[in-house]
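In terms of this note's numbering, the sequence shown is numbered consecutively and its last residue is 74.
The beta carbon of each residue, even a glycine, is placed where N, CA and C say it ideally should be.
In this text, all values refer to a predicted model and were calculated from it rather than measured experimentally.
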Amino acid sequence: MMQITRKNLKRIINLIVVLSVASVGLIRVKHPLSYLVGVPVASWVVYLLCNAMCTDILFGETLGCTEKSIYKEK
Numbered sequence: 001m002m003q004i005t006r007k008n009l010k011r012i013i014n015l016i017v018v019l020s021v022a023s024v025g026l027i028r029v030k031h032p033l034s035y036l037v038g039v040p041v042a043s044w045v046v047y048l049l050c051n052a053m054c055t056d057i058l059f060g061e062t063l064g065c066t067e068k069s070i071y072k073e074k
């Protein structure tokens, strides 16, 4: 059985979430300027939020700003 590392699991989760948000954005958007600005910005913000969620809430890792996670006690 192949072991999936945390880094790869974060990448997979981020990819799925960002692709779903981008696809919904491309389907629902009606103005051409939104295709160039709105959808990429929304996808970028969702990527940042999903990455933060995966890092701290799901895995209990820190990003170097504190010594331990605020959500998981060790």
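Could you give the DSSP three-state label for residue i: helix, strand or coil?
i	result
residue 10	helix
residue 27	helix
residue 4	coil
In terms of residue numbering, what span does the alpha helix (DSSP H) encompassing residue i cover?
i	result
residue 43	39 to 52
Any contact between the region 11 to 25 and the region 34 to 52? By contact I mean 3 or more CB pairs, one from each, below 8 Å. yes
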